[in-house]
Amino acid sequence: MSILKLDQTINVLNDVNSTKKSWNVVVRVLRLWCVQDFTKQKIPFSLEMVLQDEQISKGHVYIIQSFSVASNLGSYRTTKHAYKINFQYGTNVSLMANEVVQQTKPHYTPFSLLFVAAFDTNILVDIIGILTGVGTERKLAKEGKVTKMNVISIDCDGFRIQCTLFGNYVDQLNAFLSAGEVHNVVISIEFAKVKFFRDNIYVQNCIDCTRVEYNGLIQLCESSKQTPEHEFLQTTARNTIAGLKDCREVNLIIYFKFLSIFFLATIKHVDDDDWWYTACICNKAVYLDSKIYKVQLRVIDDTDSTTFMLFDREVSSLLSKSCAEMFESHDKTGNLPNEFAEILEKKVLFKVD
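For the sequence shown, position 54 (counting from the first letter as 1) is numbered 46 according to this note's numbering, and the numbering increases by one without interruption.
What follows is the structure, encoded as structure tokens:
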């Protein structure tokens, strides 16, 4: 059967209802999991999946033909669609190219909506936030079966929600934490069950339907962190070294009094004489001294060259090391520490006040 012929009879998911028995849809499988028969311990008791078509703009794309339609009821509904698809013995499923149905992103529910009294807890939700707390792992015994359980805290937009993880999701949490990434962890949970317990709201994973990702958006987060820096470098008005030298001294003093000027220049040389001095950090009588940076840098831009004097805060930022730490690791031969060579040829935006 060719795709060309099928195009004439394809139905969209929004039109699927219980008024007829024969439907043809082209869908992408977003989520696929097995449900066991808890009374007879049979696996699989049913095969569940979440589908999307091209109008909703993971997984694979399939043509599904000859299935039955029933009302989408129950307290664990993955979509708000009024109906669900049931496969029959005569249902035909054919694999198609992934490009036919575009992938979609999770539809994250704001935490504020979860606290609304009228929120429909029968619909599974997608949430995202910062992992702010991890409880103590426990074991829950029910009907002779022992399951791991742990409770985590998730913060977003000033709200905090407790999330209970069971079974394999606890193993996934432990595996992530063992890697050492425990600060500012972004956690994304798809198809989470919302529940009320003792007048409090919390979420939990739903059998094997739920998808949990830790720092799955980390690349996006990192790029977002770089955006302000990129905008600053691109949009900040800059002067040139030649322009600085052309300024008369009296005008330059007035200029600096009202605003700062910026120079984008490349570090070409570090003066190896007197790169530090002894100073008191308390502005009182000197009892304990501290080594403080005082470094002369020779820099150039497209117009000229000049020498900038940098002091402790700026040099510590450039080298990612304090002057005291530099002295501890320095070989005391009198030569310039090797760390200064790492900043040569670096292009730096200098701010002159």
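Even glycine gets a Cβ: it sits at the ideal position worked out from N, Cα and C.
Pull the bridge partners of residue 82 from the DSSP assignment, please. Sequence index remark: in the sequence shown, residue 82 carries index 90 (1-based). Residue 82 pairs with nothing; no bridge assigned.
Taking residue 257 and residue 291 to be in contact with their CB atoms under 8 Å, please state how far apart those CB atoms are, rounded to whole angstroms. For the purposes of this step, residue 257 is identified with residue 265 of the sequence shown, where counting begins at 1. For the purposes of this step, residue 291 is identified with residue 299 of the sequence shown, where counting begins at 1. The distance from the Cβ of residue 257 to that of residue 291 is about 4 Å, consistent with a contact at the 8 Å cut-off.
Given 8 Å as the limit, is there contact between the region 186 to 204 and the region 146 to 157, that is, 3 or more CB pairs closer than that? The region 186 to 204 vs the region 146 to 157: in contact.
Can you pull the DSSP bridge partners for residue 159? Stepping through the sequence shown from its first residue, residue 159 is reached at position 167. Per DSSP, none; premise fails for residue 159.
I need the boundaries of the alpha helix (DSSP H) containing residue 190, first residue and last residue. Against the sequence shown, residue 190 aligns to sequence position 198. Counting along the chain, residue 190 falls outside any alpha helix (DSSP H), and DSSP gives it neither H nor E.
Would you decide whether residue 204 is buried or exposed? Buried here means 16 or more other CB atoms lie within 10 Å of its CB. Here residue 204 refers to the residue found at position 212 of the sequence shown. Residue 204 should be labelled buried.
Taking Cβ positions, are residue 356 and residue 143 nearer each other than 7 Å? Given that the chain is displayed from residue -7 to residue 345, the structure contains no residue 356 and the question cannot be resolved.
Contacting residues, own chain, Cβ-Cβ under 8 Å from residue 161 (five flanking each side not counted): Looking up residue 161 in the sequence shown gives position 169. Around residue 161: 197, 202 and 204.
Compare the C-alpha of residue 110 against each of 99, 313 and 187 and name the closest. The count along the sequence shown starts at 1 and reaches residue 110 at position 118. Of the listed residues, the one whose Cα sits closest to residue 110 is 187.
Burial state of residue 220, where buried means 16 or more other Cβ atoms lie within 10 Å: Walking along the sequence shown from the start, residue 220 turns up at place 228. Reliability of the predicted coordinates at residue 220 is poor, the pLDDT of 47 falling under 50, and the value obtained from them is presented with this limitation in mind. Exposed, by the Cβ-count rule.
Which residues bound the alpha helix (DSSP H) around residue 306? The count along the sequence shown starts at 1 and reaches residue 306 at position 314. Here the alpha helix (DSSP H) through residue 306 covers 304 to 311.
Classification of residue 344 by the beta-carbon crowding that lies within 10 angstroms, buried from 16 upward: Start at 1 with the first residue of the sequence shown, and residue 344 comes out as number 352. Exposed, since its Cβ has fewer than 16 Cβ neighbours within 10 Å.
Range of the contiguous alpha helix (DSSP H) that encloses residue 104: Residue 104 sits at position 112 when you count from the first residue of the sequence shown. If you look at residue 104, you'll find it in the alpha helix (DSSP H) that goes 103 to 106.
So residue 102 and residue 149 are supposed to be a Cβ contact under 8 Å. How far apart are they, rounded? Position 110 of the sequence shown holds residue 102. Position 157 of the sequence shown holds residue 149. The pair is a contact, with the Cβ atoms about 7 Å apart (cut-off 8 Å).
Output yes or no for whether 7 Å exceeds the beta carbon distance between residue 125 and residue 145. Here the question's residue 125 lines up with position 133 in the sequence shown. Here the question's residue 145 lines up with position 153 in the sequence shown. For residue 125 and residue 145, yes; Cβs fall inside 7 Å.
C-beta contact flag for residue 298 and residue 233 at 7 Å: Here the question's residue 298 lines up with position 306 in the sequence shown. Here the question's residue 233 lines up with position 241 in the sequence shown. Their beta carbons are under 7 Å apart, which means residue 298 touches residue 233 by this criterion.
I'd like the span of the beta strand (DSSP E) that includes residue 198, first residue to last. As a position in the sequence shown, residue 198 is number 206, starting the count at 1. Segment: none, residue 198 is in no beta strand (DSSP E) and carries neither H nor E.
Between residue 180 and residue 208, how many whole angstroms is the CB-CB distance? I'm expecting something under 8 Å. Taking the sequence shown and counting its residues from 1, one reaches residue 180 at position 188. Taking the sequence shown and counting its residues from 1, one reaches residue 208 at position 216. Rounded to whole angstroms, the Cβ separation of residue 180 and residue 208 is 5 Å, and the two are in contact under 8 Å.
Length of the line joining the Cα atoms of residue 244 and residue 231: Indexing the sequence shown from 1 puts residue 244 at position 252. Indexing the sequence shown from 1 puts residue 231 at position 239. Any reading at residue 244 is ruled out, since the residue's pLDDT is 46, under 50, leaving its predicted position unreliable.
Can you have a look at residue 183 and say buried or exposed, based on whether 16 or more other CB atoms are within 10 angstroms of its CB? Position 191 of the sequence shown, counting from 1, holds the residue named residue 183. Residue 183 comes out buried.
Taking residue 306 and residue 318 to be in contact with their CB atoms under 8 Å, please state how far apart those CB atoms are, rounded to whole angstroms. The residue you call residue 306 lines up with position 314 of the sequence shown. The residue you call residue 318 lines up with position 326 of the sequence shown. That belief does not hold up - the Cβ atoms of residue 306 and residue 318 are roughly 14 Å apart, past 8 Å.
For residue 327, I'd like the list of residues in its chain whose CB is within less than 6 Å of its CB, leaving aside the five on either flank, ordered along the chain. Walking along the sequence shown from the start, residue 327 turns up at place 335. Taken in chain order, the list of residues that qualify is empty.
Output yes or no for whether 7 Å exceeds the beta carbon distance between residue 206 and residue 177. Here residue 206 corresponds to residue number 214 of the sequence shown, with the count starting at 1. Here residue 177 corresponds to residue number 185 of the sequence shown, with the count starting at 1. Result yes, Cβ atoms of residue 206 and residue 177 sit closer than 7 Å.
With DSSP run on the structure shown, which of helix, strand or coil describes residue 123? Position 131 of the sequence shown, counted from the first residue, corresponds to residue 123. Under the three-state reduction of DSSP, residue 123 is assigned to strand.
Report, in whole angstroms, the separation of the C-beta atoms of residue 283 and residue 303, which I expect to be a contact under 8 Å. As a first step, residue 283 is located in the sequence shown; it is residue number 291 there, counting from the start. As a first step, residue 303 is located in the sequence shown; it is residue number 311 there, counting from the start. At roughly 12 Å, the Cβ-Cβ gap does not stay under 8 Å, so residue 283 and residue 303 are not in contact.
Using the three-state DSSP reduction, which class does residue 328 fall into: helix, strand or coil? To locate residue 328, count along the sequence shown from 1; it is residue 336. In the structure shown, residue 328 falls within a coil segment according to DSSP collapsed to helix, strand and coil.
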